[in-house]
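*Asks:* Below you'll find the structure I mean.
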Amino acid sequence: MTGTSRSALLYRGTVMHHRHAPVVHAFRHGVFFLRLRVDGPPPELPALCSRNRWNLCAFHDADHGPRDGSALEPWIRGVLADHGLSCADGAIWLQCFPRVLGYVFNPVSFWLCHDRQGALRAVLAEVNNTFGEHHNYLLAHGDARPIAPGDWLTARKVFHVSPFFPVSGAYRFRFSDAGAHCSFRIDYEDARGHRLVTSVGGSAQPLTGAALAAALLRHPALTFGVMLRIHYHALRLWLKRVPFFPKPLPPAEDTTR
Numbered sequence: 067m068t069g070t071s072r073s074a075l076l077y078r079g080t081v082m083h084h085r086h087a088p089v090v091h092a093f094r095h096g097v098f099f100l101r102l103r104v105d106g107p108p109p110e111l112p113a114l115c116s117r118n119r120w121n122l123c124a125f126h127d128a129d130h131g132p133r134d135g136s137a138l139e140p141w142i143r144g145v146l147a148d149h150g151l152s153c154a155d156g157a158i159w160l161q162c163f164p165r166v167l168g169y170v171f172n173p174v175s176f177w178l179c180h181d182r183q184g185a186l187r188a189v190l191a192e193v194n195n196t197f198g199e200h201h202n203y204l205l206a207h208g209d210a211r212p213i214a215p216g217d218w219l220t221a222r223k224v225f226h227v228s229p230f231f232p233v234s235g236a237y238r239f240r241f242s243d244a245g246a247h248c249s250f251r252i253d254y255e256d257a258r259g260h261r262l263v264t265s266v267g268g269s270a271q272p273l274t275g276a277a278l279a280a281a282l283l284r285h286p287a288l289t290f291g292v293m294l295r296i297h298y299h300a301l302r303l304w305l306k307r308v309p310f311f312p313k314p315l316p317p318a319e320d321t322t323r
């Protein structure tokens, strides 16, 4: 739905994880998330949502990109240029959880980078772990052709996320963003085969006061719940005696392609 003239969208949907090995473990949870236009004038937000100040729901620039509160568009344009992707010279949208009651944890946020004709040329997957570290996977075709629904993009895993998987193998990403519905999938594979399937998806609507109020009533502890569920499912995996891997040092570079 990024072709809409609106610059702030709310999605209501689900997050799904399905671990295939070394034990089977799966869950699905309802969520809501925002998609905001990064380039151009700041998007208009409803009364319940603020930018860079406290509110029931808020988006803070310092939670993303350079992490210093500076403007996001110059940063992402610089990342694209540094990696030979200046063809993504059109609209840029950031999809993420907002802060709710001042708190947020985004396991992964997505920067959707289009060309001036509206074609998706690159996606920056901004990954956070529970140790306060972050890393960016920049995804694009080798020839920079548009990313079509159903295309698979691969990135070597270089960043520690879960202590129940080593830092090895690769991620495979697929982005479907047709009409008012999105479905983003991430598979994890290593030398032993298919290990994990994750997805996030939902249906879009304009970010209005009524839509946000309904989402907050349904998920009043959205972002606190994200962190609580991470630790709850980690405990279940530990009780299932899934092997534990210590955290290595993060990669020297903030972004890999």
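Numbers 67 to 323, taken from our numbering, label the letters of the sequence shown in order.
Yeah, the Cβ is synthetic: ideal placement off N, Cα and C, and Gly gets one too.
Mapping DSSP to helix, strand and coil, what is VAL308?
*Replies:* coil
*Asks:* State the Cα-Cα distance for the pair ALA279 and ASP217, rounded to the nearest angstrom.
*Replies:* 35 Å
*Asks:* Check whether the segment 161-181 and the segment 189-200 touch, using three or more Cβ-Cβ pairs below 8 Å as the test.
*Replies:* yes
*Asks:* Suppose you measure from the CA of ARG240 to the CA of PHE250; what does that come to, to the nearest Å?
*Replies:* 6 Å
*Asks:* Measuring straight from C-alpha to C-alpha, what distance separates PHE231 and ARG78?
*Replies:* 29 Å
*Asks:* Please identify the residue among GLY96, HIS149, PHE125 whose C-alpha is closest to the C-alpha of GLU319.
*Replies:* HIS149
*Asks:* Are the Cβ atoms of PHE171 and MET293 separated by less than 7 Å?
*Replies:* yes
*Asks:* With PRO140 as the anchor, note down where its alpha helix (DSSP H) starts and where it stops.
*Replies:* Under the DSSP assignment, PRO140 falls in the alpha helix (DSSP H) whose first and last residues are 138-148.
*Asks:* Only counting runs of 3 or more residues, tell me where the beta strand (DSSP E) segments fall wholly within the segment 256-310, in order along the chain.
*Replies:* 259-272
*Asks:* To test your reading of the DSSP string, which unbroken beta strand (DSSP E) runs of 3 or more residues are found completely within the segment 107-193?
*Replies:* 115-117, 123-125, 158-162, 174-180
*Asks:* Indicate the three-state DSSP secondary structure (helix, strand or coil) for THR196 in the structure shown.
*Replies:* Judged by DSSP in its simplified three-state form, THR196 adopts coil rather than helix or strand.
*Asks:* Ends of the beta strand (DSSP E) at GLY96?
*Replies:* 91-103
*Asks:* In three-state terms, what does DSSP make of ALA244?
*Replies:* Of the three classes helix, strand and coil, the one that applies to ALA244 here is strand, per DSSP.
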